[in-house]
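Chemist: Before I ask anything, here is the structure I am working with.
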Amino acid sequence: MHLAIDALGTKRGGAATGFLEFLTVAVADPRIEKITVFSSPATDRLFAFPQSRKLRIIEKTMVDRNPFARIWWYEYSLSKACKDISADLLFIFANFGRGCSEIPHVTYVQQSLPFSREAIQTFDSRLERLRIMTYRHQMRRSCQDAARVICQSSVMQDYLVRCFDIHASKIEVVYVSPRKLDKIPGDYRRLDPMRAAPAGSRILYVGDSYPYKMVETATMGTRLLRQYRPQVQLFLTLPEDHPFSHEHGVTCLSYLEAGELREAFELADLLVLPSLVESCGLPPLEAMSLGTPVLIADRPYARDIFEDAAVFFDPMDAEDLAKQALRILEDEALQGILIQKGLNLVQKRNAGKPYQRILDICVEEFARSATKVS
8 MHLAIDALGT KRGGAATGFL EFLTVAVADP RIEKITVFSS PATDRLFAFP QSRKLRIIEK
68 TMVDRNPFAR IWWYEYSLSK ACKDISADLL FIFANFGRGC SEIPHVTYVQ QSLPFSREAI
128 QTFDSRLERL RIMTYRHQMR RSCQDAARVI CQSSVMQDYL VRCFDIHASK IEVVYVSPRK
188 LDKIPGDYRR LDPMRAAPAG SRILYVGDSY PYKMVETATM GTRLLRQYRP QVQLFLTLPE
248 DHPFSHEHGV TCLSYLEAGE LREAFELADL LVLPSLVESC GLPPLEAMSL GTPVLIADRP
308 YARDIFEDAA VFFDPMDAED LAKQALRILE DEALQGILIQ KGLNLVQKRN AGKPYQRILD
368 ICVEEFARSA TKVS
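Listed below in structure tokens is the structure:
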């Protein structure tokens, strides 16, 4: 089987992590003879592809950097490119795009933002809102034409059924598992501020600063929390010169590599995720795998994905964040309960072998299409 994968726009963070996990499984599977990846240019990616004779990388620089070229790519050029390389099936890793009648496609929905009006309203720019709605339109076309749709939570499945008028039987929910963050020896100077902070005072946020991430709730909550515990500090994986770095009690660590991220999770007394919407919430699962308690926005995605393994707070209320964070930091028994429930949840997610299941779905759809042709 020749598997084509569209991964344009996958450059770093959770998307890149999941992509590499999937690619590792696909390369190792004897059912897959050849893999062609349509990719963003190497200069824009913060990861390297594995070495394999099965693997061919085709970089699409202009498509990646020009929004109009990208729309044309998803609507027309991608299917032609798959024909040109004689692919058997197209796996849409990046939400958008379509195959053709000869080459079926499976769409992997990883972007939840277009489904949340609350999250979209956090963007002041009309142009940004238009961009999000354009993405939603393209995602709808990709999902409706797909042989199969994969998403990362039951909440997302419900969105797709209601908003895209797709039958639930066409959608499979595959909950992701965290990658294994190995201990990598290194002199990680960026973590010096965390090491210097006293135990019991380190709160960590891992992610971007898009408005819907509600990082400001975390910074304001930290300000309130410091009235009761003055030593508390919030550490953000944002550029060191980010405006949040000027807040008292807030330190921006910059983007962290895998080895640094593992130590950051181990140093943290609490991970916070204030996002209004997420697809899978990978950082909390990674934190749980290393025994770090988690405090998460009380929204449907979080209740679905993290079950009872986290404490929840109102992401629109900094005072509630401060209250719940203080509760965790001062209650060792609660910390122990959260740590154990987090480890149990991670074990459950790992047992599901999500990336193997995603590949199996692709193989199943190829076999089904081959049967139709014969």
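Position one of the sequence shown corresponds to residue 8 (my numbering), numbered consecutively onward.
The beta carbon of each residue, even a glycine, is placed where N, CA and C say it ideally should be.
Keep in mind the model is a prediction, meaning the values are calculated, not measured.
#1: Can you list, in chain order, the residues of its chain whose CB lies under 7 Å from that of A76, leaving out five sequence neighbours each side?
#2: Restricting to Cα atoms, I'd like to know which of E267, M201, A153, P218 is closest to P322.
#3: Using the C-alpha atoms, what's the distance from V213 back to D199?
#4: How would you call A206, buried or exposed, if buried means at least 16 neighbouring beta carbons within 10 angstroms?
#5: I'd like the list of long-range same chain contacts for S376, defined as Cβ closer than 6 Å, with 5 residues on each side in sequence excluded.
#6: For Q58, count neighbouring Cβ atoms within 10 angstroms of its own Cβ and tell me buried if that reaches 16, exposed if not.
#7: What residues match up with C259 in a beta bridge as DSSP calls it?
#8: Can you check which of these residues, W80, G266, Y182, is closest to L292 by C-alpha distance?
#9: Using 8 Å as the threshold, is the C-beta distance between F251 and V222 below it?
#10: Can you tell me which of the three DSSP states S160 falls into?
#11: Return the residue from the list A14, V113, G193, L289 that minimises the CA-CA distance to I368.
#12: Which same chain residues, not among the five before or five after G21, have their C-beta less than 6 Å away from its C-beta?
#13: Less than 8 Å between the CB atoms is what I'm expecting for F320 and L302, so what's the real figure, rounded?
#14: Within a Cβ cutoff of 8 Å, which residues of the same chain sit near V311, ignoring the five residues on either side of it in sequence?
#15: Excluding sequence positions up to five away, which residues of its chain have a Cβ less than 6 Å from the Cβ of I39?
#16: Closest to R230 by CA distance: which of E326, A265, F122, I173 is it?
#17: Which residues bound the beta strand (DSSP E) around H112?
#18: For my contact list, D91 and F45 are in at a C-beta cut-off of 8 Å; report their separation, rounded to the angstrom.
#19: Less than 8 Å separating the beta-carbons of K61 and K41?
#20: In terms of residues, what are the limits of the alpha helix (DSSP H) holding V183?
#21: A304 by DSSP, collapsed to three states: which one?
#22: Tell me the DSSP secondary structure of E339 in three-state form.
#23: For P185, count neighbouring C-beta atoms within 10 Å of its own C-beta (all shown protein chains included) and say buried if the count is 16 or more, exposed if not.
#24: Taking F373 as the reference, which of R52, C89, L96 has the closest Cα?
#25: Under the DSSP definition of a beta bridge, which residues are partnered with K41?
#26: Going by C-alpha distance, which of F272, D305, T43 is nearest R202?
#27: With DSSP as the reference, please indicate the residues paired to V279 in a beta bridge.
#28: Use the C-beta contact count for W79: other C-beta atoms within 10 angstroms, 16 or more gives buried, fewer gives exposed.
#29: In whole angstroms, what separates the C-alpha of I365 from that of R124?
#30: Could you check where the alpha helix (DSSP H) with V222 kicks off and where it finishes?
#31: Would you mind stating whether T226 and L211 have Cβ atoms separated by less than 8 Å?
#32: May I have the straight-line CA-CA distance separating A55 from E339, to the nearest angstrom?
#33: Grab me the residues of G104's own chain with a C-beta within less than 6 Å of its C-beta, minus the 5 sequence neighbours each way, in chain order.
#34: If we count the other Cβ atoms within 10 Å of its Cβ and call it buried at 16 or more, is R306 buried or exposed?
#35: Just to confirm, is the Cβ distance from G349 to A316 under 8 Å?
Modeler: In this structure, then:
#1: Taking the first residue of the sequence shown as position 1, residue 76 is located at position 69. Around A76: M69, V70.
#2: Position 315 of the sequence shown, counted from the start, is the residue given in the question as residue 322. Residue P218 is the option with its Cα nearest to P322.
#3: Counting from one through the sequence shown, the residue named residue 199 turns up at place 192. Counting from one through the sequence shown, the residue named residue 213 turns up at place 206. The straight-line gap from Cα to Cα measures roughly 17 Å.
#4: As a working mapping, residue 206 is identified with position 199 in the sequence shown. Classification for A206: exposed.
#5: Stepping through the sequence shown from its first residue, residue 376 is reached at position 369. Result list for S376: P111, in chain order.
#6: Here the question's residue 58 lines up with position 51 in the sequence shown. Answer is exposed; the Cβ neighbour count stays below 16.
#7: Locating residue 259 in the sequence shown gives position 252, where the first residue counts as 1. Secondary-structure assignment with DSSP links C259 through a beta bridge to L243.
#8: For the purposes of this step, residue 292 is taken as the residue at position 285 of the sequence shown. Residue Y182 is the option with its Cα nearest to L292.
#9: Start at 1 with the first residue of the sequence shown, and residue 251 comes out as number 244. Start at 1 with the first residue of the sequence shown, and residue 222 comes out as number 215. Contact: yes.
#10: The residue labelled residue 160 in the question sits at position 153 within the sequence shown. Reduced to three states, the DSSP call for S160 is coil.
#11: Here residue 368 refers to the residue found at position 361 of the sequence shown. Ranking A14, V113, G193, L289 by Cα distance to I368 puts V113 first.
#12: Here residue 21 corresponds to residue number 14 of the sequence shown, with the count starting at 1. Hits under 6 Å: L289.
#13: Taking the first residue of the sequence shown as 1, we reach residue 320 at position 313. Taking the first residue of the sequence shown as 1, we reach residue 302 at position 295. Yes, they are in contact, since the Cβ atoms of F320 and L302 sit about 6 Å apart, within 8 Å.
#14: Locating residue 311 in the sequence shown gives position 304, where the first residue counts as 1. Contrary to the premise, residue 311 reads as Asp rather than Val in this sequence. Taken in chain order, the residues that qualify are S160, S161, V162.
#15: As a working note, residue 39 is residue 32 in the sequence shown. Hits under 6 Å: M8, L10, A33.
#16: The residue you call residue 230 lines up with position 223 of the sequence shown. For the residues E326, A265, F122, I173, the minimum Cα distance to R230 belongs to E326.
#17: The residue labelled residue 112 in the question sits at position 105 within the sequence shown. Segment 112-115, the beta strand (DSSP E) holding H112.
#18: Along the sequence shown, read from residue 1 onward, the residue named residue 91 stands at position 84. Along the sequence shown, read from residue 1 onward, the residue named residue 45 stands at position 38. Going by Cβ atoms, the distance from D91 to F45 rounds to 11 Å, so no, they are not a contact pair.
#19: Here residue 61 refers to the residue found at position 54 when the sequence shown is read from its first residue. Here residue 41 refers to the residue found at position 34 when the sequence shown is read from its first residue. Yes, the Cβ-Cβ distance between K61 and K41 is below 8 Å.
#20: Indexing the sequence shown from 1 puts residue 183 at position 176. Looking at the DSSP string, V183 is not in any alpha helix (DSSP H), and its letter there is neither H nor E.
#21: Your numbering for residue 304 matches position 297 in the sequence shown. Collapsing the DSSP output to three states places A304 in a strand.
#22: Sequence index remark: in the sequence shown, residue 339 carries index 332 (1-based). Three-state result, E339: helix.
#23: Taking the sequence shown and counting its residues from 1, the one referred to as residue 185 is at position 178. So P185 counts as buried.
#24: Here residue 373 refers to the residue found at position 366 when the sequence shown is read from its first residue. Taking only the C-alpha atoms, the option nearest F373 is L96.
#25: Against the sequence shown, residue 41 aligns to sequence position 34. According to DSSP, which records beta bridges pairwise, K41 is partnered with H9.
#26: Translated into the one-based positions of the sequence shown, residue 202 becomes position 195. Out of F272, D305, T43, F272 has the C-alpha closest to the C-alpha of R202.
#27: For the purposes of this step, residue 279 is taken as the residue at position 272 of the sequence shown. L302.
#28: In the sequence shown, the residue the question calls residue 79 occupies position 72. Exposed, because fewer than 16 other Cβ atoms sit within 10 Å of the Cβ of W79.
#29: Looking up residue 365 in the sequence shown gives position 358. Looking up residue 124 in the sequence shown gives position 117. Between I365 and R124, the alpha-carbon positions lie close to 29 Å from each other.
#30: To locate residue 222, count along the sequence shown from 1; it is residue 215. Its alpha helix (DSSP H) spans residues 222-232.
#31: Position 219 of the sequence shown, counted from the first residue, corresponds to residue 226. Position 204 of the sequence shown, counted from the first residue, corresponds to residue 211. Going by C-beta atoms, T226 is not nearer than 8 Å to L211.
#32: Counting from one through the sequence shown, the residue named residue 55 turns up at place 48. Counting from one through the sequence shown, the residue named residue 339 turns up at place 332. Going from the Cα of A55 to the Cα of E339 covers about 41 Å.
#33: The count along the sequence shown starts at 1 and reaches residue 104 at position 97. Same-chain partners within the cutoff: D13, Y81, L85, S149.
#34: In the sequence shown, the residue the question calls residue 306 occupies position 299. The Cβ neighbour count for R306, taken over all protein chains shown within 10 Å, is at least 16; the residue is labelled buried.
#35: As a first step, residue 349 is located in the sequence shown; it is residue number 342 there, counting from the start. As a first step, residue 316 is located in the sequence shown; it is residue number 309 there, counting from the start. Going by C-beta atoms, G349 is nearer than 8 Å to A316.
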